[in-house]
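Chemist:
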Amino acid sequence: MSHLHIPDGFIPPFWLLLGFILTALMLAICLRRVRGDDRARRLPRLGIVSALMLIGMSAEIA
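With the numbering used here applied, the sequence shown corresponds to residues 2 to 63, in that order.
#1: Contact defined as beta carbons within less than 8 Å: I believe residue 43 pairs with residue 50. What is the distance between those atoms, to the nearest angstrom?
#2: My output table needs one value for residue 57: the three-state DSSP class, helix, strand or coil.
#3: Which of the three DSSP states is assigned to residue 11 in this structure?
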């Protein structure tokens, strides 16, 4: 399992809010773009992105 625990109060509220806003914006853009794609094109892309995320989360940051 990959996870990252950040202690409470470590991230200032400004950066936390900015991160949520940017994430919501990126999610809205992505959802709008894939809405028109058919399932035959979307499924392989989903598999590739999932594999890349798994590899990225398993990489150790030293």
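In this text, a Cβ means the ideal position worked out from N, Cα and C, and glycines have one as well.
Modeler: According to the structure data:
#1: Here residue 43 refers to the residue found at position 42 of the sequence shown. Here residue 50 refers to the residue found at position 49 of the sequence shown. About 10 Å separates the two Cβ atoms, so there is no contact after all.
#2: By 1-based counting over the sequence shown, the position of residue 57 is 56. Helix at residue 57.
#3: Looking up residue 11 in the sequence shown gives position 10. It is coil, neither helix nor strand.
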